[in-house]
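Down below is the structure, laid out as structure tokens.
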Amino acid sequence: MAIREILVLPDKRLYEVSKPVAEITAEIRTLVDDMYETMYDAPGIGLAAIQVGVPMRVVVTDCSPRDDEAEPLTLINPEILELTGDPVPYEEGCLSIPDYYDEVSRPPNARVRYMDLDGETHEIDVDGLLSTCIQHEVDHLDGKLFIDYLSAFKRSRVVSKFKKQARLRDKLAS
Ligand code: NI
Numbered sequence: 003m004a005i006r007e008i009l010v011l012p013d014k015r016l017y018e019v020s021k022p023v024a025e026i027t028a029e030i031r032t033l034v035d036d037m038y039e040t041m042y043d044a045p046g047i048g049l050a051a052i053q054v055g056v057p058m059r060v061v062v063t064d065c066s067p068r069d070d071e072a073e074p075l076t077l078i079n080p081e082i083l084e085l086t087g088d089p090v091p092y093e094e095g096c097l098s099i100p101d102y103y104d105e106v107s108r109p110p111n112a113r114v115r116y117m118d119l120d121g122e123t124h125e126i127d128v129d130g131l132l133s134t135c136i137q138h139e140v141d142h143l144d145g146k147l148f149i150d151y152l153s154a155f156k157r158s159r160v161v162s163k164f165k166k167q168a169r170l171r172d173k174l175a176s
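Per this note's numbering, the sequence shown runs over residues 3 to 176.
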């Protein structure tokens, strides 16, 4: 297992649409192992493969409360089949947009279909934090970030802040 580098805004790869996994290969298993190690190290509660630069439809999550036993959930080719309930605001963050948090309203209930690492298909109904987390991660697979739900003003302010930071990093590195 290895910790992989997490892509950070304004990296253009974060806007890529990820491709479905056709077959669970050794590379996919290694990718999933590395994604868990990267997510727990960060720490975070969800990670999409594109966030480590791999444009495949693979998501890992663990929304268990801190200090509780781990509840890892691996979702290959996840699909949101249905969203229900009046949207509820929740303060979201993202490992690709470090130290920035803002409220996003999403429907509280989701029916999700996904494949596990054994190639079995599952359909689950989720709510609460896990629902928010899965909706956020599936957005990543479609090249969408949580700041895309904010006003154009807020969004451009966040993006320009990260562009400035990237320029500064490049300058210091050169
Ligand atoms: Ni994210």
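Note that the Cβ used here is the ideal one computed from N, Cα and C, for glycine as well.
Practice task
Check the Cβ-Cβ distances between E93 and every residue of chain C, and say whether any is below 9 Å.
Solution key: Among the chains in the structure shown there is no chain C, since it carries only a single protein chain.
Exercise for the section: Report the rounded CA-to-CA distance for L11 versus S176, giving the unit in angstroms. Expected result: 20 Å
Practice task
Could you give the DSSP three-state label for L147: helix, strand or coil?
Solution key: coil
Practice task
Kindly indicate which three-state DSSP category I52 falls into: helix, strand or coil?
Solution key: helix
Practice task
Measure the alpha-carbon distance for I52 versus E71 and round it to whole angstroms.
Solution key: 27 Å
Handout entry: Coarse secondary structure for A112, derived from DSSP in three states
Key = strand
Exercise for the section: Measure the alpha-carbon distance for C135 versus G95 and round it to whole angstroms. Expected result: 10 Å
Practice task
Determine which residues share a DSSP beta bridge with S107 and list them.
Solution key: P91
Handout entry: the region 78-85 touching the region 118-137, judged by at least three CB pairs closer than 8 Å
Key = yes
Practice task
Determine the direct distance from the alpha carbon of R6 to that of T63, and round the result to whole angstroms.
Solution key: 16 Å
Practice task
Take M37 as the anchor and find which of T123, G48, H124 has the nearest alpha-carbon.
Solution key: G48
Exercise for the section: State yes or no: is the C-beta of C65 nearer than 8 Å to some heavy atom of the ligand NI? Expected result: no
Problem - beta strand (DSSP E) runs wholly inside the region 10-85, at least 3 long, in chain order - result: 48-50, 60-63
Exercise for the section: Give the DSSP-derived three-state secondary structure of I136 in the structure shown. Expected result: helix
Handout entry: E105 CB to nearest heavy atom of the ligand NI below 8 Å
Key = no
Exercise for the section: Could you round the C-beta distance between L119 and I26 to whole angstroms and report it? I think they count as a contact, below 8 Å. Expected result: 6 Å
Handout entry: Y103, buried or exposed, once every other Cβ within 10 Å from all chains shown has been counted against 16
Key = exposed
Handout entry: Assumed close pair P57, S107 - CB separation to whole angstroms, cut-off 8 Å
Key = That pair is no contact at about 28 Å.
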